[in-house]
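Asker: Using the working numbering, you'd call the opening residue of the sequence shown number 2 and step up by one each time.
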Amino acid sequence: MIELSRRGAAWQLGYGGDTLNTALHLARGGHDVAYLTALGDDPFAAAMIDRWQGEGLDCSLVLHHPQRATGLYAISTDASGERSFAYWREHSAAREMFALPGADAAIEQAARADLLVFSLISLAILPGEGREALFALARAVRERGGQVAFDGNYRPRLWPGTHSAMAARDRAIALASIGLPTLEDDMLLSGEQDAAAVAAHWRQLGCGETVVKLGADGCLLPDGQILPPPQVLTPVDTSGAGDAFNAGYLGARMQGAVPDEAARAGHALAGWTVMRAGAIPDRDP
């Protein structure tokens with residue numbers, strides 16, 4: 002989506018979104034990453050593609066909607082770096098991406114991925130047919146021997162109620178080989194108060210490798226240990242922290258690192274991100 006971030010009295014134009022943030026971090030890390038989405042018929046779409054390609058992201062699977070616009074959100078942060086959002090994406094192009102011309106070819110190519118990453122937000126923005134198409138894509142990746150990573154990002158305003166959100170989440174968990182829930186999200190959605198209970202729920206549904214993100218307390222590893230993050234100064238912007246952790250963790254795992262090593266890589270990238278403004282901060286010179 003297009004991102005408007007407050008900088009004092011002004012607003013700065015950028016881009017962001019949970020799966021996009023993870024994809025860009027992975028591309029920056031030298032991984033071969035393609036992004037499947039749809040952008041709108043607006044003056045921002047071409048500029049976004051140029052920026053993403055400049056980051057090394059493969060945009061050959063980005064579809065274009067001839068009538069809808071690209072989604073938009075505005076983000077503000079408080080003195081401790083905590084964020085608040087306002088969204089304008091009810092009629093975004095991405096909601097219809099699986100119904101657009103070229104979608105079948107894009108899905109066929111995506112099904113060959115070594116790793117497919119999606120989130121509960123991905124499911125939330127899709128209509129029923131699109132949601133089923135994404136489930137089918139995840140199933141196809143697994144059947145071909147690939148990995149599927151699922152992040153349980155829960156945004157209440159995107160769902161008609163908790164029942165539908167939990168049903169979609171649990172179907173996704175059952176298709177995932179790597180689970181990346183956040184305790185705060187599961188507390189809000191299903192009332193779980195304990196990271197171990199969250200991990201147990203995900204494992205019971207078939208997701209064997211589950212890492213529960215605990216915010217400033219670190220993460221719960223698949224072996225049950227809690228790995229704290231390195232200490233950082235007061236965060237500037239926490240909006241992309243979880244997405245950066247996902248990228249660091251998944252990138253390391255794809256290179257053969259064991260889960261605790263991968264989690265350290267996730268913490269390091271998340272720590273770098275929260276000390277800079279924006280969901281995808283500019284790279285250091």
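We put the CB at the ideal spot given by N, CA and C, even for glycine.
Taking only the alpha-carbon atoms, compute the straight-line gap between serine 77 and leucine 127 and give it to the nearest angstrom.
Answerer: C-alpha of serine 77 to C-alpha of leucine 127: approximately 26 Å in a straight line.
Asker: Going by beta carbon distance, what residues of the same chain come within less than 8 Å of leucine 117, once the five residues before and after it are set aside?
Answerer: Ala111, Leu138, Ala139, Val142, Gly147, Gln148, Val149 and Ala150
Asker: What residues are listed by DSSP as bridge partners for leucine 73?
Answerer: Ile3 and Trp89
Asker: Considering only residues of the same chain and omitting the five flanking positions on each side of asparagine 22, which have a CB-CB separation below 8 Å?
Answerer: Gly241, Asp244, Ala245, Ala248, Ala280 and Ile281
Asker: Taking glutamate 210 and isoleucine 174 to be in contact with their CB atoms under 8 Å, please state how far apart those CB atoms are, rounded to whole angstroms.
Answerer: Not really, about 12 Å apart at Cβ, beyond 8 Å.
Asker: Have a look at arginine 170 and histidine 164 and give me their C-alpha separation to the nearest angstrom.
Answerer: 10 Å
Asker: So histidine 268 is in the alpha helix (DSSP H); what residue range does that whole segment cover?
Answerer: Start and end: 260-275.
Asker: Span of the alpha helix (DSSP H) holding histidine 26?
Answerer: 19-29
Asker: Determine the extent of the beta strand (DSSP E) in which alanine 150 is found, giving its start and end residues.
Answerer: Per DSSP, the unbroken beta strand (DSSP E) holding alanine 150 starts and ends at 148-152.
Asker: Express the C-alpha separation of valine 199 and leucine 215 in angstroms, rounding to a whole number.
Answerer: 11 Å
Asker: Let's test the definition: count the other Cβ atoms within 10 Å of the Cβ of glycine 257 and tell me whether it reaches 16, buried, or not, exposed.
Answerer: exposed
Asker: Confirm, please, whether the CB-CB distance from glycine 225 to aspartate 187 is below 8 Å.
Answerer: No, these two residues do not count as a Cβ contact at 8 Å.
Asker: For arginine 113 and methionine 255, what's the separation of their Cα atoms in angstroms?
Answerer: 15 Å
Asker: Assuming valine 142 is part of the alpha helix (DSSP H), what are its boundary residues?
Answerer: 129-144
Asker: Starting from histidine 164, follow the beta strand (DSSP E) in both directions and report where the run begins and ends.
Answerer: Not the beta strand (DSSP E): histidine 164 falls in the alpha helix (DSSP H), residues 163-176.
Asker: Suppose you measure from the CA of leucine 222 to the CA of aspartate 42; what does that come to, to the nearest Å?
Answerer: 43 Å
Asker: Tell me where the beta strand (DSSP E) around serine 123 begins and ends.
Answerer: Careful: serine 123 lies outside any beta strand (DSSP E), inside the alpha helix (DSSP H) at 121-125.
Asker: Beta strand (DSSP E) containing tryptophan 64: first to last residue?
Answerer: The sequence shown places leucine at residue 64, rather than the tryptophan named in the question. Element bounds for leucine 64: 63-65.
Asker: Give me the residue from His32, Phe119, Gly30 and Ala70 with the minimum Cα distance to serine 18.
Answerer: The residue asked about is misnamed: residue 18 is glycine in this sequence, not serine. Per the Cα distances, Phe119.
Asker: Just list the residues that DSSP pairs alanine 39 with in beta bridges.
Answerer: Leu64
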